[in-house]
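Trainee: Residue numbers (our numbering): 58 to 327.
Structure in structure tokens, see below.
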């Protein structure tokens, strides 16, 4: 069994090169929901926009050490972790400095493995049961680092017309990373987001994605929800902003599904 499997830590890259699909919202709220059901979670904000950090109430003034310092400066990741105020959920903040990381890493040794190397001590420490990496909405070196470090990719997919086209592009990237950098990289699952039951297109896209990817698609569907959209402007996950809203309940259900899927996976490899 690999050292990754022995550690008990599951590293998931939350990725989709398309913007506006609910990627950061899913990273924030799935991380919060996993913590709520008893998991120890570290959310890594690898997007230069830093939206996951903002959405968890960690303002720019509080981001003393960021992911940039970890992958460029070699700062120990465990020391960069910030408490979010939510039990069981910590954060490695991201900020605009990450936008220059690709140029700075261009000729650096192990440029595609900086994040993997930084996570290794955390795997050995047993401090967390899940690491969620919120990837930028592009297939750049930060995303490659995330996929090289991850055990699996979790894909939020908006229920819109071009959804499958974007997903096909992402799968090609996963195959490339698997072929050259991380042979054990898996698809953890596809999460259908922004589902509007009043719109027949949402139902058609959901049906097409399930036909194409089968059991890789989670049963849980994240609905369009005003309260989920409002929450980041208050620096809170939706589950804290309004636990009872449909979006929060969907993320709790998704977290349980992720845990069950992970339990089944471990049983199969044991």
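Ideal placement from N, C-alpha and C gives every residue a C-beta, glycine not left out.
Note that the structure is predicted; figures quoted are calculated from it, not measured.
By DSSP, does residue 235 sit in helix, in strand, or in coil?
Mentor: DSSP places residue 235 in helix when its eight states are reduced to three.
Trainee: Looking at the structure shown, is residue 59 part of a helix, part of a strand, or coil, going by DSSP?
Mentor: For residue 59, the predicted model reports a pLDDT of 47, less than 50, meaning its position is unreliable; a value from the coordinates is still stated below. DSSP places residue 59 in the coil class of the three-state scheme, outside both helix and strand.
Trainee: Buried or exposed for residue 165, please, with buried defined as at least 16 other CB atoms from any protein chain shown within 10 angstroms of its CB.
Mentor: exposed
Trainee: Name the residue from 236, 140, 167, 228 whose alpha carbon lies nearest to the alpha carbon of residue 92.
Mentor: 140
Trainee: Which stretch, first to last residue, makes up the alpha helix (DSSP H) that contains residue 84?
Mentor: 80–93
Trainee: So residue 73 packs on residue 213, CB below 8 Å; how close in whole Å?
Mentor: 6 Å
Trainee: Nearest by alpha-carbon distance to residue 276: which of 303, 237, 293, 318 is it?
Mentor: Per the Cα distances, 318.
Trainee: Could you say which of 78, 115, 128, 105 lies nearest to residue 293 if we only look at CA atoms?
Mentor: 115
Trainee: Might you give, ordered along the chain, the residues of its own chain that have their beta carbon closer than 7 Å to the beta carbon of residue 291, omitting 5 neighbours on each side?
Mentor: 298
Trainee: Name the one or two DSSP bridge partners that residue 198 has.
Mentor: For residue 198, which the question treats as bridged, DSSP gives no partner whatsoever.
Trainee: If we require 4 or more residues per run, which alpha helix (DSSP H) segments fall completely within the stretch 154–230?
Mentor: 158–162, 171–182, 198–206
Trainee: Between residue 193 and residue 283, what straight-line distance do the alpha-carbon atoms span, to the nearest angstrom?
Mentor: 23 Å
Trainee: Do you know whose CA, among 145, 94, 240, lies nearest residue 308's CA?
Mentor: Ranking 145, 94, 240 by Cα distance to residue 308 puts 94 first.
Trainee: Closest to residue 234 by C-alpha separation, out of 248, 204, 220, 226, would be which residue?
Mentor: 204
Trainee: Rounded to whole angstroms, what's the CA-CA distance from residue 238 to residue 134? Just pull it up for me.
Mentor: 21 Å
Trainee: Is residue 243 helix, strand or coil by DSSP?
Mentor: strand
Trainee: Can we say the stretch 78–91 touches the stretch 238–252, given the rule of at least three CB pairs closer than 8 Å?
Mentor: yes
Trainee: Which partner residues does residue 67 have in the DSSP bridge list?
Mentor: DSSP lists 187 as the bridge partner or partners of residue 67.
Trainee: Can you check which of these residues, 223, 112, 146, 172, is closest to residue 262 by C-alpha distance?
Mentor: 223
Trainee: Assign residue 80 to one of two classes, buried (16 or more other C-beta atoms within 10 Å of its C-beta) or exposed (fewer than that).
Mentor: By the beta-carbon neighbour count (other beta carbons within 10 angstroms, threshold 16), residue 80 is buried.
Trainee: Quick check on residue 121: buried or exposed, where buried means 16 or more other Cβ atoms within 10 Å of its Cβ?
Mentor: exposed
Trainee: Chain C beta carbons: is any one of them nearer than 8 Å to that of residue 65?
Mentor: No chain C is part of this structure, which consists of one protein chain only.
Trainee: Using CA coordinates, which residue listed in 325, 272, 65 is at the minimum distance from residue 314?
Mentor: 272
Trainee: Taking Cβ positions, are residue 304 and residue 280 nearer each other than 8 Å?
Mentor: Result yes, Cβ atoms of residue 304 and residue 280 sit closer than 8 Å.
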